[in-house]
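One gets the working numbering by counting positions in the sequence shown from 1 and adding 19 to each.
Don't be surprised by glycine CBs; every beta carbon is placed ideally from N, CA and C.
The structure appears below as structure tokens.
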Amino acid sequence: MALVDILVPDIGDFDEVSVIELMVKPGDTVKAEQSLITVESDKASMEIPSSHAGVVKEIKVQLGDKVKQGSLVLTLESASAASPAPVAAATPAVAAVAPVSAPNVAAAPVSSAQVAPVLVAPAAPAPAATAALPAHEPTALALNLPHASPSVRKFARELGVPLNEVKGSGPKGRVTLIDVQGFTRSVMSGAVQTQAGAAQAKASGGDGAGLGLIAWPKVDFAKFGPTERKDIARIKKISAANLHRNWVMIPHVTNHDDADITDLEAFRVATNKENEKSGIKVTMLAFLIKACVAALKKFPEFNSSLDGDQLVLKQYFHIGFAADTPNGLMVPVIKDADKKGIFQISQEMAELAKKAREGKLSPAEMTGASFTISSLGGIGGRYFTPIINAPEVAILGVCKSQMEPVWDGKTFVPRLMLPLSLSWDHRVIDGAAAARFNVYLGQILADFRRVLL
Ligand code: CAO
20 MALVDILVPD IGDFDEVSVI ELMVKPGDTV KAEQSLITVE SDKASMEIPS
70 SHAGVVKEIK VQLGDKVKQG SLVLTLESAS AASPAPVAAA TPAVAAVAPV
120 SAPNVAAAPV SSAQVAPVLV APAAPAPAAT AALPAHEPTA LALNLPHASP
170 SVRKFARELG VPLNEVKGSG PKGRVTLIDV QGFTRSVMSG AVQTQAGAAQ
220 AKASGGDGAG LGLIAWPKVD FAKFGPTERK DIARIKKISA ANLHRNWVMI
270 PHVTNHDDAD ITDLEAFRVA TNKENEKSGI KVTMLAFLIK ACVAALKKFP
320 EFNSSLDGDQ LVLKQYFHIG FAADTPNGLM VPVIKDADKK GIFQISQEMA
370 ELAKKAREGK LSPAEMTGAS FTISSLGGIG GRYFTPIINA PEVAILGVCK
420 SQMEPVWDGK TFVPRLMLPL SLSWDHRVID GAAAARFNVY LGQILADFRR
470 VLL
């Protein structure tokens, strides 16, 4: 047995290349010509083979190191030190990644957000130039290394795909670029989990690991008393995913205020009495929609969406309203609320709320909102913190109005006060603007003639 230095052979035109993969570790038994490390230039990647058979003693390079012809890769304890395998000094195998193929991406049966990582994927395996280094047949079983070309390894590394978890469809189970693409799609669509992802999810009870939080408490509830398990309704699952994303991604702030709606409520009741025969019941929410339209016109950034570095200011006023249904929360939208009167809005709202409860809303009736109102007024409560309905930037929460003693400067008078809770996206809106929006909204609700000013 003798110690042998394994050096980088002739790598052709490249002066220096980076070490991007260590394929063996100390103690591993390697065969002559087995790949030891992968190196990469800005144009190609290639595997450096061993000139001898033996046992790896010490690895002399680290990931990211720059190496060139003659650099020491590792030391090997070898019985055949005197007769090294003939390592061909030659040009490296070129492993350029093929260009992006949009049609290929469009064919993926997942959402646009899900295919994002696939956008960099080539449509088909890149034709690798003939390898001039010794022909390499990876010893996948012996070293648990996947059987794949340098270009596939490079591609998988760029996507963070654990290659040893990808099932190869090529000859002798070789992993192809298409296999890596397919694996990526499956992971993104949730059909497959990587081992690391599964371990993380297991450790965290399925939540919080990605945020670096401590694990979700795992409790055997049955230890404390009888329990029952129920499947969560499909709509609830969809809205939960949206609410979770919006809560985590939007820096929410909520301003609470009260509006004096004593006169407005008297007007609403009188209007309903006068129009009893029409069959249309005017609700406070219809007035709130109109009042919000006026406030959105005065403070246009509340009627906007973020798009990268730009703010999209909408010139339409489509107001969503949260509706409580047996299947979960739905948000129908009153389109062009600025062009509609209180009767029309009340009638449309009643129809949309009915459809929502019957599960008959069309996608068109639930999309395009530029601002949302969530009213719990018919139920109760004082204030709450509504979650913004992305990509909108603000939402108004409304609770139950009640008579309160209000100081008029001389004495306390009974006034009907409506609690307002405005959540806003702090990336777009400042606290002062939010306070002004609420004050203005309160002023309009107290006296709608202000809209005319
Ligand atoms: N203060 C006091 N009373 C109010 C009120 C308020 N702010 N808002 C409504 N009311 C009263 C109404 O006047 C009505 O009283 P009458 O029956 O005596 O006339 C009663 O409460 C019921 O109103 P409503 O709820 O049927 O009508 P609405 O227009 O206020 O609301 C709708 C319609 C669809 C928004 C509502 O039915 C609903 O689903 N609300 C729940 C929304 C929700 O779940 N939000 C939470 C989202 S976050 O999870």
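Residue i, DSSP secondary structure in three states
i: E77; result: strand
i: W8; result: This structure gives no information on residue 8, because the portion of the chain shown stretches from 20 to 472.
i: K85; result: strand
i: Q212; result: coil
i: F403; result: coil
i: H263; result: helix
i: I269; result: coil
i: S131; result: Interpretation of S131 is limited by its pLDDT of 27, a score under 50 that renders its predicted location unreliable; the figure taken from the coordinates is listed afterwards. The answer is coil: DSSP assigns S131 none of H, G, I, E or B.
i: I364; result: helix
i: A409; result: coil
i: S97; result: strand
i: A175; result: helix
i: L22; result: strand
i: N274; result: strand
i: S258; result: helix
i: P111; result: Its pLDDT being 40, under 50, P111 is placed unreliably by the model, and the measurement read from it follows with that caveat. If DSSP states are grouped into helix, strand and coil, P111 belongs with coil.
i: V312; result: helix
i: T48; result: strand
i: I353; result: strand
i: D279; result: strand
i: L380; result: coil
i: V470; result: helix
i: L348; result: strand
i: L232; result: coil
i: V288; result: helix
i: F318; result: coil
i: Y335; result: coil
i: N457; result: helix
i: T203; result: helix
i: I251; result: coil
i: F240; result: helix
Alpha carbon of residue i to alpha carbon of residue j, nearest angstrom
i: C418; j: I406; result: 15 Å
i: A108; j: V206; result: Since pLDDT at A108 reaches only 42, below the 50 mark, its modelled position is unreliable, and the value read off the structure follows with that caveat. Roughly 40 Å separates the two Cα atoms.
i: P190; j: K50; result: 22 Å
i: L464; j: A259; result: 32 Å
i: I39; j: V412; result: 43 Å
i: V58; j: D326; result: 39 Å
i: I56; j: A175; result: 16 Å
i: I254; j: Q81; result: 50 Å
i: P68; j: L22; result: 17 Å
i: M42; j: Y335; result: 59 Å
i: P410; j: K358; result: 23 Å
i: P245; j: D239; result: 11 Å
i: L138; j: Q200; result: The predicted model places L138 with a pLDDT of 23, which falls under 50 and marks its position as unreliable; any figure quoted below should be read in that light. So the alpha carbons of these two residues sit roughly 10 Å apart.
i: S297; j: F306; result: 18 Å
i: K87; j: S442; result: 59 Å
i: G416; j: G387; result: 19 Å
i: F321; j: N261; result: 20 Å
i: F456; j: Q462; result: 10 Å
i: V27; j: E35; result: 11 Å
i: L332; j: D444; result: 14 Å
i: Q212; j: T203; result: 10 Å
i: R469; j: L460; result: 10 Å
i: G535; j: K373; result: In the structure as shown, the chain begins at 20 and stops at 472. Residue 535 is therefore absent and cannot be evaluated.
i: G339; j: G396; result: 16 Å
i: G31; j: T48; result: 28 Å
i: M436; j: D276; result: 10 Å
i: F318; j: A452; result: 8 Å
i: R401; j: W235; result: 31 Å
i: S90; j: D24; result: 10 Å
i: K76; j: L232; result: 39 Å
i: A341; j: E247; result: 29 Å
Residue(s) in a DSSP beta bridge with residue i
i: A167; result: V194
i: G416; result: S393 and S440
i: F340; result: I392
i: P433; result: P424
i: Q329; result: D326
i: A57; result: Correcting the residue identity first, residue 57 is Thr in this sequence and not Ala. E40 and E66.
i: L371; result: BP columns for L371 are empty, so no partner.
i: L91; result: L26
Query raised in the report: Taking contact to mean at least 3 C-beta pairs separated by less than 8 Å, is the stretch 281 to 299 in contact with the stretch 260 to 272?
Result: no
Query raised in the report: Are the stretch 170 to 183 and the stretch 193 to 204 touching by the rule of at least three beta carbon pairs closer than 8 Å?
Result: yes
Query raised in the report: How do the stretch 313 to 329 and the stretch 368 to 380 stand: do at least 3 beta-carbon pairs fall below 8 Å, yes or no?
Result: no
**Report entry** Stretch pair the stretch 391 to 408 + the stretch 422 to 429: three plus CB contacts closer than 8 Å
**Finding:** no
Query raised in the report: Do the stretch 291 to 309 and the stretch 442 to 450 touch if we need at least three Cβ pairs shorter than 8 Å?
Result: no
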